[in-house]
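Residue numbers (the working numbering): 6 to 113.
These notes concern the structure reproduced below.
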Amino acid sequence: AAVRSRAVGLRCYDCPAAISSTTTAAAATLSNILNSGVIACLRAQSADVALEAARAAITAGVSVLEIVVSTPGVFQVLHQLVQDFPSTTLGCNMKPLRIRHDLGPFLS
Numbered sequence: 006a007a008v009r010s011r012a013v014g015l016r017c018y019d020c021p022a023a024i025s026s027t028t029t030a031a032a033a034t035l036s037n038i039l040n041s042g043v044i045a046c047l048r049a050q051s052a053d054v055a056l057e058a059a060r061a062a063i064t065a066g067v068s069v070l071e072i073v074v075s076t077p078g079v080f081q082v083l084h085q086l087v088q089d090f091p092s093t094t095l096g097c098n099m100k101p102l103r104i105r106h107d108l109g110p111f112l113s
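Here it is in structure tokens:
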């Protein structure tokens with residue numbers, strides 16, 4: 006199930022650090038995903054392009070968006086999108102060991 010990390014609002018899949026979130030938050034995120042109709046997956050050549058494309062998709066009505074982890078600057082992009090669109094369900098899919106390494110600066 007998808008859960009929400011309370012540290013900076015990043016939504017992570019398979020993220021042990023985020024599992025401490027409340028059951029209510031996890032249920033709400035899962036409900037958002039199941040009811041969205043569309044889950045957009047975005048991969049871009051740069052963080053700037055990813056941010057611009059994500060903003061356009063969200064503004065057009067996409068409510069669940071995954072930024073592919075191979076996108077340069079993926080965590081900075083997700084962090085900015087969480088700030089700009091707090092009600093949007095955002096995420097990336099990665100292995101738990103890599104999460105600890107790559108998300109370290111964003112987790113408290």
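Even for Gly, the Cβ is constructed at its ideal location relative to N, Cα and C.
Burial check for Cys46: the Cβ neighbour count within 10 Å stays below 16, so the residue is exposed.
Its Cα nearest to that of Val54, the residue Val82 stands out among Val82, Thr29, Glu71. Boundaries of the beta strand (DSSP E) harbouring Thr94: 94-96, taken from the DSSP string. By the neighbour-count criterion, in which 16 or more other beta carbons inside 10 Å mark a residue as buried, Val69 falls on the buried side. Contact annotation, Thr93 with Ile38: C-beta distance approximately 12 Å; criterion of less than 8 Å not satisfied.
Just so you know, the alpha carbons of Arg60 and Leu86 end up roughly 8 Å apart. Distances from the CA of Val43 to each of Ala65, Phe80, Thr29 were compared; the closest alpha carbon is that of Ala65. A residue is called buried when at least 16 other Cβ atoms come within 10 angstroms of its Cβ; Thr76 meets this threshold and is buried. A check of alpha carbon separations from Cys97 across Gln88, Val79, Thr29 identifies Val79 as the nearest.
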